[in-house]
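Report on the structure given below.
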Amino acid sequence: KSSGHGHDEL
Amino acid sequence: MNIFRFAGDMMHLLSVVVLLLKIHKMKSCAGISLKTQELYALVFICRYLDIFTGFISLYNTIMKIVFLASAFSILWYMRSHKVVRQTYDKDQDTFRHYFLILACMVLALLVHHKFTFREVMWTFSIYLEAVAILPQLVMLQRTRNIDNLTGNYVFFLGTYRGLYMLNWVYRYLTEVHYHHRWLTWISGFIQTALYADFFYYYVKSWRNNEKLQLPA
Numbered sequence: 014k015s016s017g018h019g020h021d022e023l
Numbered sequence: 004m005n006i007f008r009f010a011g012d013m014m015h016l017l018s019v020v021v022l023l024l025k026i027h028k029m030k031s032c033a034g035i036s037l038k039t040q041e042l043y044a045l046v047f048i049c050r051y052l053d054i055f056t057g058f059i060s061l062y063n064t065i066m067k068i069v070f071l072a073s074a075f076s077i078l079w080y081m082r083s084h085k086v087v088r089q090t091y092d093k094d095q096d097t098f099r100h101y102f103l104i105l106a107c108m109v110l111a112l113l114v115h116h117k118f119t120f121r122e123v124m125w126t127f128s129i130y131l132e133a134v135a136i137l138p139q140l141v142m143l144q145r146t147r148n149i150d151n152l153t154g155n156y157v158f159f160l161g162t163y164r165g166l167y168m169l170n171w172v173y174r175y176l177t178e179v180h181y182h183h184r185w186l187t188w189i190s191g192f193i194q195t196a197l198y199a200d201f202f203y204y205y206v207k208s209w210r211n212n213e214k215l216q217l218p219a
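Note that the protein sequences, when read in sequence, are chains A and B.
Heads up: the first sequence begins at 14 in the numbering used here, then just goes up one per residue.
Heads up: the second sequence begins at 4 in the numbering used here, then just goes up one per residue.
Here is the structure:
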């Protein structure tokens, strides 16, 4: 899971 | 990953596949707005800046490559392919999309989560995606004859963003640190709302089994 600040959605 | 987001990504993929197939098979891009396609290419470029630096999952990386490749191949077809480019009705595609780019960039510089280059570019891509369909919707109103592939294209795009909203609700309810994504939700809601009237006429025409006509 990405960190709170990473954007893991396309 | 949840079913809403996966289904949304598949709808998004389907929309670009439908468009590419239409252009490739019919060697025609009649009724397609080049400006909307240019905006989408810009959305993907600004959003996937981390494609080589950040790794989230194989799925994420592959989908980013697919979306970038499809966006660029649609642009290549509509601008450079010797046959297809003749079928682009430029004088119907009149939306001044440079204003959209400027407005979204200014807004991203004012309203963002973090003032870093990557975050501002990501925010810009979120705002720009919300309005990228406008030139296409304006062109559909103007050309009035909507071939069903173009109709499907816009329908899948609207469904993709609608499913993403369900995904945001789901993640808001299930994930702790997901509460600060309100900026995405507002932009996503506006984007989906832009499709509302199109959906109404699309479903109506589908139900009455008649040609899709948007009001003038």
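Backbone N, C-alpha and C fix where the C-beta goes; we use that ideal spot for every residue, glycine too.
Which residue from the options puts its Cα closest to that of residue i?
{"i": "B/Met4", "options": "B/Leu61, B/Leu42 and B/Val21", "result": "B/Leu61"}
{"i": "B/Ile2", "options": "B/Phe120, B/Gln139, B/Arg50 and B/Thr126", "result": "Because chain B spans 4 through 219 in this model, residue 2 of chain B falls outside it and cannot be assessed."}
{"i": "B/Phe201", "options": "B/Trp188, B/Ile104 and B/Tyr156", "result": "B/Tyr156"}
{"i": "B/Asp94", "options": "B/Thr153, B/Asn170 and B/Arg145", "result": "B/Arg145"}
{"i": "B/Tyr203", "options": "B/Leu169, B/Phe158 and B/Val172", "result": "B/Phe158"}
{"i": "B/Ile104", "options": "B/His116, B/Thr126, B/Lys85 and B/Glu122", "result": "B/Thr126"}
{"i": "B/Leu42", "options": "B/Val206, B/Leu78 and B/Thr119", "result": "B/Leu78"}
{"i": "B/Tyr130", "options": "B/Gln194, B/Leu24 and B/Gly57", "result": "B/Gln194"}
{"i": "B/Trp185", "options": "B/Ala196, B/Phe118, B/Met168 and B/Leu197", "result": "B/Met168"}
{"i": "B/Leu24", "options": "B/His182, B/Gly191 and B/Thr153", "result": "B/Thr153"}
{"i": "B/Asp96", "options": "B/Val123, B/His84 and B/Leu140", "result": "B/Leu140"}
{"i": "B/Arg213", "options": "B/Ile149, B/Ala44 and B/Arg174", "result": "Per the sequence shown, the amino acid found at residue 213 of chain B is Glu instead of Arg. Answer by Cα proximity: B/Ile149."}
{"i": "B/Tyr198", "options": "B/His182, B/His183, B/Gly161 and B/Val206", "result": "B/Gly161"}
{"i": "A/Glu22", "options": "B/Ser128, B/Ala219 and B/Arg147", "result": "B/Ser128"}
{"i": "B/Ile121", "options": "B/Asn211, B/Arg147, B/His84 and B/Phe47", "result": "Checking the sequence, you will find Arg at residue 121 of chain B rather than Ile. Considering only alpha carbons, the answer is B/Phe47."}
Near residue i, what residues of its chain come up, given a Cβ to Cβ distance below 6 Å and the 5 sequence neighbours on each side ignored?
{"i": "B/Ser208", "result": "Leu215"}
{"i": "B/Leu217", "result": "Leu143, Gln144 and Tyr204"}
{"i": "B/Met188", "result": "Reading the sequence as shown, one finds Trp at residue 188 of chain B and not Met. For B/Trp188, where only same-chain residues beyond five positions count, the Cβ hits under 6 Å are Trp171."}
{"i": "B/His15", "result": "Tyr163"}
For residue i, which residues in the same chain have their Cβ closer than 8 Å to its Cβ, ignoring the five residues on either side in sequence?
{"i": "B/Met81", "result": "Ile26, Cys32, Ile35, Leu37, Gln40, Val87, Arg88 and Tyr91"}
{"i": "B/Ala10", "result": "Leu166"}
{"i": "B/Asn151", "result": "Leu215"}
{"i": "B/Asp12", "result": "Met66 and Tyr163"}
Is residue i near the ligand SAH, with its Cβ less than 7 Å from a heavy atom?
{"i": "B/Tyr163", "result": "Questions concerning the ligand SAH fall outside what the structure shown contains, since it holds no ligand whatsoever."}
Cutting at 7 Å between CB atoms, please list the residues of its own chain near residue i, excluding the five before and the five after it.
{"i": "B/Leu17", "result": "Phe159"}
{"i": "B/Val123", "result": "Ala111, Leu112 and His115"}
Interfacial residues, the stretch 118-139 of chain B to chain A, with Cβ spacing under 7 Å = Trp125
key: Against chain A: residues of the stretch 63-74 of chain B by CB proximity under 8 Å   = Asn63, Met66, Lys67 and Phe70
Segment contact flag, the stretch 121-141 of chain B with the stretch 165-184 of chain B, C-beta cutoff 8 Å, min 3 pairs = no
message = Please list, in chain order, the residues of the stretch 8-40 of chain B that have any C-beta partner in chain A closer than 9 Å.
response = Those residues of the stretch 8-40 of chain B that come within reach of chain A (Cβ to Cβ, closer than 9 Å) are Arg8, Gly11, Asp12 and His15.
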